[in-house]
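From first to last, the protein sequence lines are chains A and B.
So the number in this note's numbering is just where the residue sits in the first sequence, counting from 1, plus 53.
So the number in this note's numbering is just where the residue sits in the second sequence, counting from 1, plus 53.
Input: a single structure, listed below in structure tokens.
Number of protein chains: 2
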Amino acid sequence: MKILLDAMGGDKAPDANIKGAVKAINQVEAEVILIGKEEIIRGKIKEFFGKEMEEISPRLKIKNATETIEMEEQPTVAIKHKKDSSMVVGFKMLKEGEGDVFISAGNSGALLAGATLLVGRIKGIDRPALAGILPAYKSQLLLIDSGSNTNCKPINLLQFAQMSTIYLKNTYGIEKPAIGLLNIGTEETKGNELVRESYKLLKEKSEELGINFIGNVEGRDAFSGKIDAIVTDGFTGNVFLKTTEGLGKFVKRTLTESLTKNIISKICALPSLPAINRLKKAMDYKSYGGALFLGVKKPVVKAHGSSDEILFEFTIKQAEKFVQNRAVEKMIEEFEKK
Amino acid sequence: MKILLDAMGGDKAPDANIKGAVKAINQVEAEVILIGKEEIIRGKIKEFFGKEMEEISPRLKIKNATETIEMEEQPTVAIKHKKDSSMVVGFKMLKEGEGDVFISAGNSGALLAGATLLVGRIKGIDRPALAGILPAYKSQLLLIDSGSNTNCKPINLLQFAQMSTIYLKNTYGIEKPAIGLLNIGTEETKGNELVRESYKLLKEKSEELGINFIGNVEGRDAFSGKIDAIVTDGFTGNVFLKTTEGLGKFVKRTLTESLTKNIISKICALPSLPAINRLKKAMDYKSYGGALFLGVKKPVVKAHGSSDEILFEFTIKQAEKFVQNRAVEKMIEEFEKK
């Protein structure tokens, strides 16, 4: 297996990308190919680890790409014109079978555009979407679309529900994943036009498409562990995702400070630290790392824009599993059956 | 001062409403008037407390109203036809000066329609909106619209920003409240059409209107304590609100269980319980209680639909402060100046 990593994408690139790849290499079986400016990458490896890349692992490689797509660039324009950017080179390698999965923490819009234009959509899916995995009570929650399609139609949300079902069945072994529609109330009449129309469509089509649609779900019930996936448009989904991240940060900070306010509370907190640290880790929504870009013909993983080396390490390991589960192949099979 | 409480609205009505009012009466200076079916209310008081209402406090009163607006009723129709419902009676009393603030945990749509139709909007405000107060790092966060207007235009969001500014200045004494626009990125070009257009309008008008507009804000930064208010449409705002509630529940549950897993972890957790309980309380987003309905001519408070007696008690106390701060009068003055 070959994992392609955009070495130039993300707020902390290329340092965090390179360090994360080096940390991950001994924990995965795959080759990890760093895509970006070869000279810079080689120099950084030498600077950080005091040796040549080849000395670290024979499975750590570089593919030279001389350009970088910046965060503020117009996505489609960037993908079309920067032919030698780390992102475009990565997608081309993925398409041509020179890699099995592509990871990037770069410009999200460009990643979406590139995946669709260069790798291609699965037949039957109009809009691929980002699926994020969040922690929930004794389980996890798939959130789709977690930020790729700002404007959606009901048919898109229906397809998100289909994709979630197939993904969760094949990857997590959940026989009938419970799929909810994110809304501001549980009644059919609640919400904006998109949600009301999507509700109707989901209700009408779910039996035929094998979706276990459980109706409208409010954010307050989202983490109960009873819901396997939540479908929504990319604007609302991204607000949802980032709100959990913000609240998670607030919890971590408040917890840490109230337990270390003074020497007495520090000592008192010692015995319960393992439990508290588990919670703090669960609250670190960033550590849920990569969102999967479902609906394209090959595995594409969007790493968090502000990924640090630990997160890159985590995302690389996650990407290996994504390929091992053959989630994308199974999605193609299921959609082609229809 | 007279606090009007809809005794029949909410999932746990009338029991929780009545118990909450009795608990609150000795903590407020105001009269509390329970609006609903007199016979039922009297019977319940006798049942719960073993005495007549008059024996509890001379400031606890009843206003008979024979009808109730149910959760699933069509808001405008209900307000127009159920003239003797607890909600309509409450609004009429508020309008006619027989009360200073009206609290209801009933049908939100009906509350919105009733406030607008029966009490009336402040001149210069097109859409009144619910403003919720959430905890943030060493401070609080005002979220407007937290659920009343599912569809909004840029002008509505601009007015939400104006109302927040006036409210926070007068109630919290914040000289230049920092107002952010909820979005999925900080760049001007991010978001859906409503957000992009609202950004332009806010940027253009904020100086003239005395708004300290700090630009787009992502959910991940919302709780940092650096932002005083977040403006958004009622659909997105309600998703935001309920997501914090859901995640808060998850944190509380996980924290409790990991600290009480077995006898050893229970004992170990004892010294840090006060700190942990403070956090759990902060995570109980329900306890932030009533959302203020800003933009109508009199104080209206929307209590949480699933309010229990503790929450009613809290909301009654909060409503008293809302009146004492003269927030609504000050809003009328400021908007009339313009």
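We put the CB at the ideal spot given by N, CA and C, even for glycine.
Since the structure is predicted, the reported quantities are computational estimates derived from the model, not experimental observations.
Using a Cβ-Cβ distance cut-off of 8 Å, the region 226 to 245 of chain A and the region 54 to 73 of chain B are not in contact, since fewer than three pairs of beta carbons, one from each stretch, lie closer than that value. Relative to Ile-88 (chain A), the option among A:Glu-151, A:Leu-345 and A:Val-284 whose CA is nearest is A:Glu-151. Put simply, of A:Ser-161, A:Glu-149 and A:Gly-301 the residue whose alpha carbon is nearest the alpha carbon of Asp-64 (chain A) is A:Ser-161.
By the Cβ neighbour-count rule, Ser-157 (chain B) is buried, with 16 or more other Cβ atoms within 10 Å of its own. Residues of the same chain with a CB within less than 6 Å of the CB of Pro-352 (chain A), apart from the 5 flanking positions on each side, are Val-154, Phe-375, Val-376 and Val-381 in chain order. Out of B:Ser-251, B:Pro-188, B:Pro-207 and B:Ser-259, the CA that lies nearest to the CA of Ala-231 (chain B) is found in B:Ser-259. The bridge partners DSSP lists for Val-85 (chain A) are A:Ile-56 and A:Leu-113.
Between Asp-274 (chain A) and chain B, the shortest Cβ-Cβ separation is below 8 Å.
In this structure, DSSP gives Phe-346 (chain A) an extended state, which the three-state scheme calls strand.
Among the residues facing chain A, Leu-300 (chain B) is included, as its CB has a counterpart in that chain under 8 Å away. For Gly-200 (chain B), the chain A residues whose C-beta falls within less than 8 Å of its own C-beta are Ile-237, listed in chain order.
Taking 7 Å as the upper bound on Cβ-Cβ separation, chain A lies near no residue of the region 148 to 166 of chain B.
Any Cβ of chain B closer than 8 Å to the Cβ of Ala-344 (chain A) would place that residue at the interface, and such an atom is absent. Taking C-beta separations shorter than 6 Å and ignoring five residues to either side along the sequence, the partners of Cys-205 (chain B) in its chain run Asp-286, following chain order. Under DSSP, Gln-193 (chain A) forms a beta bridge with A:Pro-188. Between Ala-168 (chain A) and Ala-66 (chain B), the alpha-carbon positions lie close to 53 Å from each other. Boundaries of the alpha helix (DSSP H) around Gly-73 (chain A): 68 to 78.
For Val-130 (chain A), the uninterrupted alpha helix (DSSP H) run begins and ends at 128 to 134, by DSSP.
Secondary structure at Ser-138 (chain B): strand, using DSSP grouped into helix, strand and coil. Sorting A:Glu-389, A:Glu-366 and A:Gly-358 by C-alpha distance to the C-alpha of Glu-125 (chain A) places A:Gly-358 at the top.
Identification of chain A residues near Phe-101 (chain B) by a Cβ-Cβ cut-off of 7 Å yields none; the smallest Cβ-Cβ distance measures about 28 Å. With at least 16 other beta carbons inside 10 angstroms of its own, Asn-236 (chain A) counts as buried. Collapsing the DSSP output to three states places Ala-282 (chain B) in a strand. At least one C-beta of chain A is nearer than 8 Å to the C-beta of Val-292 (chain B). Pairing Ala-182 (chain A) with Leu-195 (chain A) gives a Cβ-Cβ distance that is not under 8 Å. If you draw a straight line from the Cα of Lys-350 (chain B) to the Cα of Ile-197 (chain B), it comes to about 17 Å. Of A:Arg-95, A:Glu-310 and A:Asn-269, the smallest CA-CA separation from Lys-191 (chain B) is found for A:Glu-310. For the set A:Asp-361, A:Glu-362 and A:Glu-373, the Cα lying nearest the Cα of Val-354 (chain A) is the one of A:Glu-373. When the five nearest sequence neighbours on each side are left out, the beta carbons in the same chain lying within less than 8 Å of the beta carbon of Ala-189 (chain B) are those of Ala-275, Phe-276, Ser-277, Gly-278 and Ile-280, in order along the chain. If you draw a straight line from the Cα of Asn-265 (chain A) to the Cα of Thr-218 (chain A), it is about 8 Å long.
Relative to Val-248 (chain A), the option among A:Asn-269, A:Phe-101 and A:Ile-369 whose CA is nearest is A:Asn-269. Not a single C-beta of chain B is nearer than 8 Å to the C-beta of Glu-362 (chain A). For Ala-131 (chain B), no chain A residue has a Cβ inside 7 Å of its Cβ, as the nearest lies near 14 Å away. By a beta-carbon distance limit of 8 Å, Ser-110 (chain B) does not contact Ile-122 (chain B). Their separation comes to about 28 Å. Residue pairing by DSSP places Gly-233 (chain B) opposite B:Ile-283 in a beta bridge.
From the listed residues A:Asn-202, A:Glu-366, A:Gly-299 and A:Leu-170, the smallest Cα separation to Phe-144 (chain A) is found for A:Leu-170.
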